[in-house]
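Working notes, beginning with the structure itself.
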Amino acid sequence: MLKRVHLEQLPDYAPDLNPDEGIWQSLKNVELKNVCCEKIETFKKQFRLAFERLRHETDIIIGCFGLAGLDL
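Numbering (the numbering used here), first residue to last: 1456 to 1527.
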């Protein structure tokens, strides 16, 4: 059986409807809160490490989708 795709029209800018905004806020305000790097390469490494840590925090990720009104 074929499933049909439903497209949802979203406003031009709606961070409260975008689960990625919550992910970014968690990275920026929790994981990378006190990170200060002199070189971009060092920051990239710190960002990758922070992203890896966040990948394992499924409750945070699911919560970001829930706050956006989306179910996984």
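Where a beta carbon is used, it is the ideal one built from N, C-alpha and C, also for glycine.
For arginine 1459, no alpha helix (DSSP H) segment is defined, and its DSSP state is neither H nor E. A Cβ-Cβ distance of about 19 Å is found for the pair leucine 1525 and leucine 1482, leaving them out of contact under the 8 Å criterion. Rounded to the nearest whole angstrom, the C-alpha separation of glycine 1521 and tryptophan 1479 is 15 Å. For aspartate 1471, no alpha helix (DSSP H) segment is defined, and its DSSP state is neither H nor E. The criterion of a C-beta distance shorter than 7 Å is not satisfied by glutamate 1486 and alanine 1469. By the Cβ-count criterion, cysteine 1491 is exposed, with fewer than 16 other Cβ atoms from all chains shown falling within 10 Å of its own Cβ.
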